[in-house]
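Okay, structure first, notes after.
Numbering (the working numbering), first residue to last: 1 to 123.
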């Protein structure tokens, strides 16, 4: 199983960043989950009043692209830090989730549809 991203390097950078600032005492799973939610809301705020068509072309606006990049980085950093504290191997978790999604959403049944997985398998 190949690593999707270098999580260990990100973990190390986050650990060093936190230690130098004496922030470990604040980095609890609860606080990191809340921070992750706040950063996700900041990402959502970028697109809040866009039409569907505007969201599809947002990458063409350098300011929007930069702000989106910054928020995605914040989300990723909090996510990695939370996984580190929870002793979760993100590469393994991602591979397991992808396998689970492949079972939940078989391409031959879900192609072109946005239904929830439990709507595909009715008795």
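Ideal Cβ positions, reconstructed from N, Cα and C, are used throughout, including at glycine. These numbers were taken from a predicted model, which means no experiment stands behind them.
Would you identify the three-state DSSP class for residue i, choosing helix, strand or coil?
| i | result |
| --- | --- |
| residue 34 | helix |
| residue 113 | coil |
| residue 51 | coil |
| residue 21 | coil |
| residue 59 | helix |
| residue 5 | coil |
Which value, in whole angstroms, describes the spacing of the CA atoms of residue i and residue j?
| i | j | result |
| --- | --- | --- |
| residue 47 | residue 55 | 7 Å |
| residue 18 | residue 40 | 21 Å |
| residue 36 | residue 110 | 30 Å |
| residue 101 | residue 94 | 10 Å |
| residue 11 | residue 69 | 19 Å |
| residue 80 | residue 66 | 21 Å |
| residue 42 | residue 71 | 7 Å |
| residue 96 | residue 90 | 10 Å |
| residue 16 | residue 7 | 14 Å |
In the DSSP assignment, the alpha helix (DSSP H) including residue i goes from what residue to what residue?
| i | result |
| --- | --- |
| residue 69 | 62-85 |
| residue 102 | 90-104 |
Taking C-alpha atoms, which residue in the options lies nearest to residue i?
| i | options | result |
| --- | --- | --- |
| residue 13 | 64, 77, 50, 60 | 77 |
| residue 29 | 117, 108, 82 | 82 |
| residue 74 | 59, 32, 114 | 32 |
Could you tell me if the beta carbon of residue i falls within a distance shorter than 7 Å of some heavy atom in the ligand MN?
| i | result |
| --- | --- |
| residue 12 | The ligand MN is absent from the structure shown, which contains no ligand whatsoever. |
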